[in-house]
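Enquirer: Numbering (full-length UniProt numbering), first residue to last: 1 to 108.
The C-beta atom is built at its ideal place from N, Cα and C for all residues, glycine as well.
One structure, as structure tokens, below. Some questions next.
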Amino acid sequence: MGIEGVHQEGPYERVISAQGAAQQLPELLARVRDQREDYLITDEEGKTLGMLVNAQEFEELGEFLSLARNAYGRLHGETPVAHAEFAQEMGLEPADTDSMRQRPGSTP
């Protein structure tokens, strides 16, 4: 069974309204996870709200962006940024929570 309300728009193969996505979210997420499909989500006026992208694909994109950023930086004399730091800046990895942990003897 296909996803209802999906259409192609410009370079995007799968575009769906937020309302249509909400009504079919479990099936959409299964297709994103299992078939690596991506969906552009729009409002009622057709303006882009966001995208549903496979998590592994998102991580791969982050790695590519990290490499591209460092290559660009080297060309301009900048110090390369570690991938972990870049991933954290992009929201791909959680921040180090050690500094947020409660220290012995302190109060929350």
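1. Hey, is the segment 63 to 73 in contact with the segment 47 to 54, meaning 3+ C-beta pairs nearer than 8 angstroms?
2. For V32, which residues in the same chain have their Cβ closer than 8 angstroms to its Cβ, ignoring the five residues on either side in sequence?
3. How would you write the range of the alpha helix (DSSP H) that Q35 sits in, first residue to last?
4. Helix, strand or coil for E13 per DSSP?
5. When you compare only the Cα positions, how much space is there between E59 and A87?
Expert: Based on what the coordinates show:
1. The segment 63 to 73, when compared against the segment 47 to 54, does not touch it at the 8 angstroms Cβ threshold.
2. Taking the sequence shown and counting its residues from 1, the one referred to as residue 32 is at position 32. Same-chain partners within the cutoff: D38, Y39, L52, V53, N54.
3. As a first step, residue 35 must be located in the sequence shown, where it is residue number 35. Its alpha helix (DSSP H) spans residues 25 to 35.
4. Residue 13 sits at position 13 when you count from the first residue of the sequence shown. It is a strand residue.
5. The count along the sequence shown starts at 1 and reaches residue 59 at position 59. The count along the sequence shown starts at 1 and reaches residue 87 at position 87. Spanning the two alpha carbons is a distance of roughly 9 angstroms.
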